[in-house]
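Protein chains in written order, with the working numbering: chain A, 1 to 115; chain B, 1001 to 1111. Each remark here refers to the structure printed beneath this line.
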Amino acid sequence: ETGVTQTPRHLVMGMTNKKSLKCEQHLGHNAMYWYKQSAKKPLELMFVYNFKEQTENNSVPSRFSPECPNSSHLFLHLHTLQPEDSALYLCASSPKGLAGGFEQFFGPGTRLTVL
Amino acid sequence: KQEVTQIPAALSVPEGENLVLNCSFTDSAIYNLQWFRQDPGKGLTSLLLIQSSQREQTSGRLNASLDKSSGRSTLYIAASQPGDSATYLCAVYQAGTALIFGKGTTLSVSS
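In structure tokens, the structure reads:
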């Protein structure tokens, strides 16, 4: 595997379900990000982890819970979501965190549909 | 607060045309600017990254320019092909914040 991978690629869940999205980077980077892309809106940052520490939470509702066990893996745990949470969730990584404008590399995304 | 605007929102051209996509940003204090391509339902593919000290970058048929003082960037695509059909996103890097994206320009190239 190379680059940034995400699983699953597609996910359909009910509002009462609990699911998790997984991201893995094979680039030796130290920072990882979750972005949300909704229809007709720009990509928006959700969370940033730098050296496994969360450094940014962009006012994301608590029904989204990130986890970063090491610099290569990032999870997004989902529970009691709403239909408006349906979107493409993108993971990215960079050599370091937000300071310095390091180039970010993106995964293919998980298309989430909440029924 | 930084805002990134892309014009036009959609563009349809016949194959072979040269075209320009525009990106503007409100705060010139940026590190870098990056152009991405996104195919329907897919992730982002990086096309070109321009550092704030650079004026342009080229890759194949693509050329991106940056004018920090005026808050503008353009992506020039030469001799467009149907395979170029996609959404093109512009994003800027600023100190202490994540990438700030525009809404994109959806390009359709007909054969």
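From the three backbone atoms N, C-alpha and C, an ideal C-beta is built for every residue, glycine too. The structure displayed is predicted, hence computed values, not measured ones.
Here's the rule I'm using: 16 or more other beta-carbon atoms within 10 Å means buried, otherwise exposed. How should residue i be labelled?
{"i": "A/LYS36", "result": "buried"}
{"i": "B/VAL1020", "result": "exposed"}
{"i": "A/LEU115", "result": "exposed"}
{"i": "A/GLN82", "result": "exposed"}
{"i": "A/ALA87", "result": "buried"}
{"i": "B/SER1059", "result": "exposed"}
{"i": "B/GLY1096", "result": "exposed"}
{"i": "B/GLN1038", "result": "buried"}
{"i": "A/GLY101", "result": "buried"}
{"i": "A/THR110", "result": "buried"}
{"i": "A/ALA39", "result": "exposed"}
Any idea which residues DSSP pairs residue i with across the strands?
{"i": "B/ALA1029", "result": "Note: B/ALA1029 sits in no beta bridge, so no partner."}
{"i": "A/ARG111", "result": "A/HIS10, A/LEU88"}
{"i": "A/SER93", "result": "A/MET32, A/PHE105"}
{"i": "B/GLN1034", "result": "B/LEU1049, B/ALA1091"}
{"i": "A/ASN70", "result": "A/HIS73"}
{"i": "B/ALA1079", "result": "Answer is none; B/ALA1079 lacks a bridge partner."}
{"i": "B/ASN1063", "result": "B/THR1058, B/TYR1076"}
{"i": "A/HIS79", "result": "A/LYS18"}
Give the interface partners of residue i over in chain B, defined as CB-CB distance under 7 Å, in chain order.
{"i": "A/PHE106", "result": "GLY1043, LEU1044"}
{"i": "A/LEU45", "result": "ALA1098"}
{"i": "A/VAL48", "result": "ALA1098"}
Looking at the ligand NAD, does it come within less than 7 Å of residue i, judged from the CB to the closest heavy atom?
{"i": "A/HIS73", "result": "In the structure shown, the ligand NAD is absent, as is every other ligand, since no ligand is present at all."}
Output needed for residue i: all residues of its chain with C-beta closer than 6 Å, excluding positions within five of it in sequence on either side, in chain order.
{"i": "A/PHE51", "result": "ASN30"}
{"i": "A/GLN104", "result": "ALA92, SER94"}
{"i": "B/GLN1057", "result": "LEU1048, ILE1050, ALA1064"}
{"i": "B/ILE1007", "result": "ASN1022"}
{"i": "A/LEU78", "result": "LYS19"}
{"i": "A/PHE75", "result": "SER20, LYS22, GLU67"}
{"i": "A/MET32", "result": "TYR49, LEU74, SER93"}
Report the neighbours of residue i on chain B: residues whose CB is nearer than 8 Å to its CB, in chain order.
{"i": "A/LEU90", "result": "GLY1043, LEU1044"}
{"i": "A/ARG111", "result": "GLY1041"}
{"i": "A/GLU56", "result": "ALA1098"}
Just to confirm my understanding: we take residue i, look at its own chain, exclude 5 residues before and 5 after, and list those with CB closer than 7 Å. What are they?
{"i": "B/LEU1107", "result": "LEU1011, ASP1084, SER1085, ALA1086, TYR1088"}
{"i": "B/GLN1002", "result": "PHE1025, THR1026, ASP1027, VAL1092, GLN1094, ILE1100"}
{"i": "A/MET46", "result": "TRP34, TYR35, LYS36, ASN58, VAL60, PHE64"}
{"i": "A/ASN118", "result": "Absent from the structure is residue 118 of chain A, since the part of chain A shown begins at 1 and ends at 115."}
{"i": "A/GLU24", "result": "THR5, SER72, HIS73"}
{"i": "B/ARG1061", "result": "ILE1077, ALA1078, ALA1079"}
By the criterion of Cβ-Cβ separation under 8 Å, what are the contact partners of residue i in chain A?
{"i": "B/LYS1103", "result": "LYS40, LYS41, PRO42"}
{"i": "B/TYR1088", "result": "Simply none; closest approach about 13 Å."}
{"i": "B/ILE1049", "result": "Going by the sequence as given, residue 1049 of chain B is Leu instead of Ile. Those are GLU103, listed as they occur along chain A."}
Starting from the C-beta of residue i, find all residues in its chain whose C-beta is less than 8 Å away, skip the five residues before and the five after it, and write them out in chain order.
{"i": "B/ASP1067", "result": "ARG1055, SER1073"}
{"i": "B/PRO1082", "result": "GLU1015, VAL1109, SER1110, SER1111"}
{"i": "B/GLY1071", "result": "SER1024, PHE1025, THR1026, ASP1027, SER1028"}
{"i": "A/MET15", "result": "THR80, LEU81, GLN82, PRO83, VAL114, LEU115"}
{"i": "A/ARG9", "result": "PRO108, GLY109, THR110, ARG111"}
Going along chain A, which residues have a C-beta under 9 Å from residue i?
{"i": "B/GLN1034", "result": "GLU103, GLN104"}
Report, in whole angstroms, the separation of the C-beta atoms of residue i and residue j, which I expect to be a contact under 8 Å.
{"i": "B/LEU1033", "j": "B/CYS1090", "result": "7 Å"}
{"i": "B/ILE1030", "j": "B/SER1052", "result": "6 Å"}
{"i": "A/THR55", "j": "A/GLY97", "result": "6 Å"}
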